[in-house]
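The opening position of the sequence shown corresponds to residue 1 in full-length UniProt numbering, with each subsequent residue numbered one higher. C-beta atoms are modelled at their ideal positions from N, C-alpha and C, and glycine is treated no differently.
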Amino acid sequence: MANGGGGGGGSSGGGGGGGGSSLRMSSNIHANHLSLDASSSSSSSSSSSSSSSSSSSSSSVHEPKMDALIIPVTMEVPCDSRGQRMWWAFLASSMVTFFGGLFIILLWRTLKYLWTVCCHCGGKTKEAQKINNGSSQADGTLKPVDEKEEAVAAEVGWMTSVKDWAGVMISAQTLTGRVLVVLVFALSIGALVIYFIDSSNPIESCQNFYKDFTLQIDMAFNVFFLLYFGLRFIAANDKLWFWLEVNSVVDFFTVPPVFVSVYLNRSWLGLRFLRALRLIQFSEILQFLNILKTSNSIKLVNLLSIFISTWLTAAGFIHLVENSGDPWENFQNNQALTYWECVYLLMVTMSTVGYGDVYAKTTLGRLFMVFFILGGLAMFASYVPEIIELIGNRKKYGGSYSAVSGRKHIVVCGHITLESVSNFLKDFLHKDRDDVNVEIVFLHNISPNLELEALFKRHFTQVEFYQGSVLNPHDLARVKIESADACLILANKYCADPDAEDASNIMRVISIKNYHPKIRIITQMLQYHNKAHLLNIPSWNWKEGDDAICLAELKLGFIAQSCLAQGLSTMLANLFSMRSFIKIEEDTWQKYYLEGVSNEMYTEYLSSAFVGLSFPTVCELCFVKLKLLMIAIEYKSANRESRSRKRILINPGNHLKIQEGTLGFFIASDAKEVKRAFFYCKACHDDITDPKRIKKCGCKRPKMSIYKRMRRACCFDCGRSERDCSCMSGRVRGNMDTLERTFPLSSVSVNDCSTSFRAFEDEPPSTLSPKKKQRNGGMRNSPSSSPKLMRHDPLLIPGNDQIDNMDSNVKKYDSTGMFHWCAPKEIEKVILTRSEAAMTVLSGHVVVCIFGDVSSALIGLRNLVMPLRASNFHYHELKHIVFVGSIEYLKREWETLHNFPKVSILPGTPLSRADLRAVNINLCDMCVILSANQNNIDDTSLQDKECILASLNIKSMQFDDSIGVLQANSQGFTPPGMDRSSPDNSPVHGMLRQPSITTGVNIPIITELVNDTNVQFLDQDDDDDPDTELYLTQPFACGTAFAVSVLDSLMSATYFNDNILTLIRTLVTGGATPELEALIAEENALRGGYSTPQTLANRDRCRVAQLALLDGPFADLGDGGCYGDLFCKALKTYNMLCFGIYRLRDAHLSTPSQCTKRYVITNPPYEFELVPTDLIFCLMQFDHNAGQSRASLSHSSHSSQSSSKKSSSVHSIPSTANRPNRPKSRESRDKQKKEMVYR
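Put into structure tokens, the structure is as follows:
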């Protein structure tokens, strides 16, 4: 038979294997009569006999005899003359291997069991004999072990080591094991692919091993499978169960037939389709490679692999029996089906569709289909829905972020909603910024809704969303948090429990910092006291850019600044928000308001052309020539011990000089305009009048010597060219080395140095044009006569009056010297009854109407009081604060308020007019309306109902002027904490400085809102559309409404410039510093300290005020003057930096109006025309002498205050412009300085 197989050069379909098309040989021709010569002769005559074989194939397959036959070499020629099939040999090889091995294992187990049973008694007897005879030597030591026992132990050890080695080789716990497991799986798939290729051939055919390439590859694969089977067999603990494993059965029916085919030179497709069962291990392989990590993905791959492997295996069986036929039918009932047609048949059968185009004809096939329908239908009905569910439940946004080279990305997490995301993107991607080459990655554990998804799609070039949690390190790795430029955490401003929301954000910070300690984090916090918990995180470092934006601190700080200068909250909110310019042609108040709204805060490094100049000089040059408003700089201390520390100084005055590389803070309409301060070159741009032409020039800017810097500064101040100026003589230049060693450049005053070398001229030329000089009313701007030169440093004045005159019981400051402080008071001592409050003459005070109860969340009233108790106010300038609200709520807040002076409480409700009249609300400087119950209501339209009702209640009140006169003339009760001896608290003073108010509409009010759309209910006479944005509404433009939503823009502003948040906190909080926050975190209260020169020096900082134009030295500019002239005059004369106007709403109308509403104009241009009723926002220097002559202060401010209808927040300066003889001596200038009044 082997010779017959070797002699046949063709192949046979094996009768049924060829689909009924192969020939059957005559029985009288034997295979052993064939020879290689016969094969060659038949090969040569194959072409002539092809037609004969074709005709014979069409004849009956039961033809009894054939006298002669020429054997062709085609694939359809049988391998032997008798047409004998050899499929049984292939199948027998697998059966013998399987059952033979099973028999040997069972026989071995039986013999082992019998041996154990038979030798069990004998073993016990031998052990008893050893015990009785004794196994120890005479000296008590044990006898040596026999050599046989050593051999047995060595044999067991060798077998165990081999078994352990085999186990390591096939284990996925080692690299070798993983490689071997993956390789076996890959080769099994390769063998399955070879089966797919061979399935297009007949089931049984003659194949020459040395010529068939696929057979050679399959042979190599199966040799490897045989070796791997041996390793698995050695490593198996239970040989019987191993023998019955699915993988072992697959090897039994696929490996032996390959060796048989090589021996017989015959191929049988047979059961090679069982290799598809290896797909069941696909999920294990992916787990070994760490590709599958989640339970859902593992389950999904398991279901798919089981379903597909079962499907392909069943299709292979149908393909075998349908192409072969039934053996008892002599393989006559076969049909030609390809493997993929069988795959299709099994799918329509499992799904119970059954089109009928393909079906089983053989009995074996039909019998198999009966059982397969039962199992396949059950599998299809259970697996397919579960697979679809797993695929459907897969996170749509569950991928990983792919970082783009050369492009930074930030991660935004926390409270991700349509409102928060839209507000953030609108400000972050605003067109006024420079090109924002930053990609925004949002991470949230809830998939976005349709609206939010549409928003992401609109910004798909710069925004990506991933579903996950920052508390999961795997999700942090997905968004590449380690390479992110920053991580921003948004808070839910409208949550019912602010402390719980802050705790969630703090946990997010901890998780992110734990994953990557160096990442910069900017987070929003709702409550001020929760900021202390961030300091407990070891990797939290505000010096490296980590920032916490406390919404309660900034919100109440903005409102507190409005108590000092009404409308300031609106101006600051607009400055730190990115707004597009909206042009209006009509001459309305909206036109001027929107022109100011387009201004934002930017930072830029100053050109070296400014080095050595004083801050007011640079500020004037930037405003006049560059059309930029600089309000602050980043100052680097010259002291070696604090050289690395940087401070932000707001309007520091003329005693500080600009250093190399100084960072300036500018107010401008876009970032491109601010570049002028960096590109400015005195040599190239000195004669340019159009600021748009100031661009980068090609000049080299070497560092100037200290002599050249001082000469330039001196010449700039006196208005002469460096060639004509004789400020610095040759003798001075020779002493520059000594001067440079003595005075560091950062702190030296050019004016002082110049004075030491020569006296100032009496009347140096003004830097203003003649036209501007005429508008100044002929007032000269000589630096020598300017009051700014007479400012004294408290550290340099021995026996300073501030120390000498300080009352140890009242005039104390906290340990940092930033705030007024008093000893803790019990709340009972500051409580006023309604009768006591009615008898008290309160004027120029701040009324805080607070809604809250014992269960309300704390809003942190300390953040409202601290800016009003800043130490840059003198004690007599502090406004008395009266809280009107529930005493139960105020008791909970009192622990943080008991260290502040001039605070009183009237238990009651802000909706009671009797309570409001008792606190003289018509005489207050500001009425603040707050609510702690806003977030407890689900309906957003009703969240602000209490504040709106209180505001409308106050505006509808009517007051009789006689009541105020009677109260002013009465000797009323002095409330606790008020000093009657102070001029500010005297009845006469209060009546004089506050004009009579007969209607509540004229009372200055600021109302806090939660829902922006509720602003439409505050003013009944406005025409605001309900869909109008908050900043475009009249109440917000007038500074009478404030919403926390305007603070959302601080997130993006802080990211682009971390100094912005420091600047706004310096402006708003009254001087809160990180050191103070650490102190509050320790004690939760301010700690009093002794007044030392170091702490008193902290009082010397500027503050925001409003300047009236009706009277004083600027009265001539108030009627038709230019804002630029006012800016230059205030800066040069009084070191006051103007940055906006608070104007009457109907000031542009030609007819007089009774409306007292004002709106905010931010940073007007130089040519902007002023009106007499304007109030100017300005940054005033701290006046050390303001507390020495309060009598003159109260009288001098009367006319200005009454005419401007403002309280103590409006400042008036005595006019000096019309004095005929200007004092020139130092004594006369000192006397003039004492007469100057700053308020």
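Asked                                                                                                                                  : Found
Distance between residue 471 and residue 490 (C-alpha atoms, nearest Å)                                                                : 15 Å
Rounded straight-line distance, which links the Cα of residue 412 to that of residue 467                                               : 12 Å
Residue burial classification, residue 108 (beta-carbon count within 10 angstroms, cutoff 16)                                          : exposed
Presumed contact (8 Å Cβ cut-off) between residue 226 and residue 255, rounded CB distance                                             : 6 Å
CB contact flag (residue 931, residue 1008, <9 Å)                                                                                      : yes
Endpoints, alpha helix (DSSP H) assigned at residue 914                                                                                : 913–918
Terminal residues of the alpha helix (DSSP H) in which residue 1103 lies                                                               : Segment 1103–1108 is the beta strand (DSSP E) holding residue 1103; no alpha helix (DSSP H) there.
Residue interval of the beta strand (DSSP E) (run including residue 444)                                                               : 438–444
Integer-rounded CB distance, given that residue 1167 should sit under 8 Å from residue 1124                                            : 7 Å
The region 1063–1072 in contact with the region 537–554 per 3-pair CB rule at 8 Å                                                      : yes
CB-CB length for residue 260 against residue 283, believed under 8 Å                                                                   : Contact flag wrong, Cβ pair sits at about 34 Å.
Three-way DSSP call (helix, strand, coil) for residue 165 in this model                                                                : helix
Proximity to residue 1044 [Cα-Cα], best of 524, 112, 1154 and 1122                                                                     : 524
Among 320, 395, 1144 and 380, the one whose alpha carbon lies nearest that of residue 366                                              : 320
Range of the contiguous alpha helix (DSSP H) that encloses residue 177                                                                 : 175–198
Straight-line gap, residue 697 to residue 1127 (C-alpha atoms, nearest Å)                                                              : 29 Å
Beta-carbon contacts of residue 195 that lie in its chain and below 7 Å, excluding the five residues immediately before and after      : 272, 273 and 275
Neighbourhood of residue 680 by C-beta, 7 Å cutoff - its chain only, sequence neighbours within 5 removed                              : 607, 609, 626 and 694
Where the beta strand (DSSP E) containing residue 589 begins and where it ends                                                         : Looking at the DSSP string, residue 589 is not in any beta strand (DSSP E); the run it does join, the alpha helix (DSSP H), is 589–597.
Anticipated Cβ contact below 8 Å, residue 569 with residue 1017, distance rounded                                                      : Actually they are not in contact, since the Cβ atoms of residue 569 and residue 1017 sit about 19 Å apart, beyond 8 Å.
Beta-bridge pairing of residue 820 - partner residues as DSSP gives them                                                               : 813
Chain-order list of residues whose beta-carbon lies under 7 Å from that of residue 351 (same chain, five-residue window excluded)      : 380
Exposed unless 16 or more other CB atoms sit within 10 angstroms - verdict on residue 538                                              : exposed
Beta-carbon proximity check, residue 427 vs residue 1054, cutoff 9 Å                                                                   : no
Nearest-angstrom Cα separation, counted from residue 1162 out to residue 562                                                           : 15 Å
Candidates 1080, 1021, 997 and 105: closest to residue 866 by CA position                                                              : 1080
Start-end ranges of the alpha helix (DSSP H) lying completely within the UniProt domain "RCK N-terminal" (407–549), minimum 4 residues : 418–428, 450–458, 473–478, 498–515 and 531–534
DSSP-derived helix/strand/coil call for residue 1038                                                                                   : coil
Same chain only: Cβ atoms within 7 Å of residue 891, ignoring 5 sequence neighbours per side                                           : 827
Rounded C-alpha distance that separates residue 572 from residue 286                                                                   : 57 Å
CA-to-CA distance, residue 872 to residue 1100, given in whole angstroms                                                               : 6 Å
Closest by C-alpha distance to residue 400, when choosing among 1176, 481 and 462                                                      : 481
Buried versus exposed call for residue 507 [16 or more other C-beta atoms within 10 Å across all chains shown]                         : exposed
3-residue-minimum beta strand (DSSP E) runs that sit fully inside the region 1107–1176, ordered along the chain                        : 1137–1144 and 1158–1162
Unbroken beta strand (DSSP E) run spanning residue 697, endpoints                                                                      : No beta strand (DSSP E) contains residue 697, which DSSP labels as neither H nor E.
Sufficient close CB pairs (3 or more, under 8 Å) joining the region 596–607 to the region 1101–1114                                    : no
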